[in-house]
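With positions in the sequence shown counted from 1, the corresponding number in the numbering used here is that position plus 294. These notes are about the structure you will find just below.
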Amino acid sequence: MSTVESPLLTTADLLAMPDDGMDRELIRGRLTERPMTRRNRFHTYAESKLSYLLNNWLVGLAKPCGEVHSGEVGTILRRDPDSTVGIDVAFFSADVMARQTNETTLIDGPPLLAVEILSPSDRMEDIHDKVVEYLDTGVPLVWVVDPVFRTVQVHRPDQQPESFNVNQILSGGDILPGLEISVADIFPKNS
295 MSTVESPLLT TADLLAMPDD GMDRELIRGR LTERPMTRRN RFHTYAESKL
345 SYLLNNWLVG LAKPCGEVHS GEVGTILRRD PDSTVGIDVA FFSADVMARQ
395 TNETTLIDGP PLLAVEILSP SDRMEDIHDK VVEYLDTGVP LVWVVDPVFR
445 TVQVHRPDQQ PESFNVNQIL SGGDILPGLE ISVADIFPKN S
C-alpha cells in the first residue's frame, strides 16, 4: 500500500474516485491505495465463519445490541481529517447503527470490534497503521486474523497485544459480554 502525498482528502473525495481496480482508504485525510486484494479461500472462509459466529452470539442475546457487517464494510472512523476504511468483519453498536440514514452506503462511526483478516498481499506495516488508527478512533477491540499461522492477535487501547492460537478461546470481555469463540472454529478443519 502506498500513501499518496497530496492535500488532505475527504470521504466525498474518496467516493468520487474511479472504480479502477485499486483499493483506496483514507487515514487522517491521507489517501492510501494498493492494487485490489486477491483474497484466497482461507481469507474468505475466516471472514464467513467469523460473521456467522458473531451473528450467532448476537441472536442469542436477550436484547440485540448492534449489527455484524462483513465484506470490506465501508466505515467512516473519523472526520476532519477523515479516516474512511473497509473492514473485513465489524460489529457496530446499536447507537452507531441508529444514527445511520439511507443517504449513504458507508457506516459513519467506529465499530466496537474491527476484524482484519490477513491476505497474502497484506504488508504488516499497513496492517499496523490500520490497527493504530482503529484504536486512536475509539475502536475498543481489534482482531487481526492470520489464516496461515491460524492465530488471532487481539489489540485493545493502552494494552499490549495478545496472541491466541487454535487451542485457545477469544473473548469479547466487557466490550462484547458473553462472546466466546474458539480460534480453531475460525479456520477450515483440514488446513
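Virtual Cβ for every residue (Gly too), placed ideally from N, Cα, C. Just so we're clear, the structure is a prediction, and the values are computed from it rather than from any experiment.
Next item on the list: May I ask you to report which of helix, strand or coil DSSP gives I480?
Entry: As a working mapping, residue 480 is identified with position 186 in the sequence shown. Helix at I480.
Check: How many whole angstroms separate the CB atoms of T395 and L320, which I take to be in contact at a CB cut-off of 8 Å?
Finding: Residue 395 sits at position 101 when you count from the first residue of the sequence shown. Residue 320 sits at position 26 when you count from the first residue of the sequence shown. About 21 Å; that fails the 8 Å criterion.
Next item on the list: Would you kindly report the start and end of the unbroken alpha helix (DSSP H) that includes L429?
Entry: Along the sequence shown, read from residue 1 onward, the residue named residue 429 stands at position 135. Start and end: 418-430.
Next item on the list: Sort out for me which residues DSSP pairs L320 with in a bridge.
Entry: Stepping through the sequence shown from its first residue, residue 320 is reached at position 26. Bridge partners of L320: L325, T378.
Note to self: Closest to L406 by C-alpha separation, out of M418, R393, T369, F385, would be which residue?
What the structure shows: Taking the first residue of the sequence shown as position 1, residue 406 is located at position 112. It is F385.
Item checked: Residues near P482 by beta carbon distance below 6 Å, same chain, minus five either side -> Position 188 of the sequence shown holds residue 482. Contacts found: Y339.
Checklist line | Beta-carbon contacts of M311 that lie in its chain and below 7 Å, excluding the five residues immediately before and after | finding: Here residue 311 corresponds to residue number 17 of the sequence shown, with the count starting at 1. Within the same chain, Cβ atoms closer than 7 Å to the Cβ of M311 are found at R318, the five residues on either side in sequence being excluded.
Item checked: Per DSSP, cross-strand counterpart(s) of I463 -> Within the sequence shown, residue 463 is the residue found at index 169, counting from 1. S476.
Notebook entry, point to check: With a Cβ-Cβ cutoff of 7 Å, do P375 and G432 count as a contact?
Noted result: As a working mapping, residue 375 is identified with position 81 in the sequence shown. As a working mapping, residue 432 is identified with position 138 in the sequence shown. No, Cβ-Cβ distance for P375 and G432 is not below 7 Å.
Note to self: Using a Cβ-Cβ cutoff of less than 6 Å, which residues in the same chain neighbour V436 once the five nearest sequence positions on both sides are dropped?
What the structure shows: For the purposes of this step, residue 436 is taken as residue 142 along the sequence shown, with counting starting at 1. Around V436: A408, V425, Y428, H449.
Next item on the list: Please look up how many angstroms separate the CB atoms of P441 and L412, rounded, as I've assumed it's under 8 Å.
Entry: Position 147 of the sequence shown, counted from the start, is the residue given in the question as residue 441. Position 118 of the sequence shown, counted from the start, is the residue given in the question as residue 412. About 7 Å; that satisfies the 8 Å criterion.
Checklist line | Where M295 falls, given that 16 or more other Cβ within 10 Å makes a residue buried | finding: What you label residue 295 is simply residue 1 of the sequence shown in a count that begins at 1. Its pLDDT being 49, under 50, M295 is placed unreliably by the model, and the measurement read from it follows with that caveat. The residue is buried, with at least 16 neighbouring Cβ atoms inside 10 Å.
Next item on the list: Return helix, strand or coil for A310, following the three-state DSSP convention.
Entry: For the purposes of this step, residue 310 is taken as residue 16 along the sequence shown, with counting starting at 1. Reduced to three states, the DSSP call for A310 is coil.
Checklist line | As assigned by DSSP and simplified to three states, the class of R450 | finding: Within the sequence shown, the letter at position 156 stands for residue 450. Coil at R450, not helix or strand.
Margin query: Taking the straight line between their C-alpha atoms, what separation do you get for D574 and H337?
Written below: With the chain covering only 295 through 485, there is no way to say anything about residue 574.
Item checked: Same chain only: Cβ atoms within 6 Å of G403, ignoring 5 sequence neighbours per side -> Here residue 403 corresponds to residue number 109 of the sequence shown, with the count starting at 1. Same-chain partners within the cutoff: V390.
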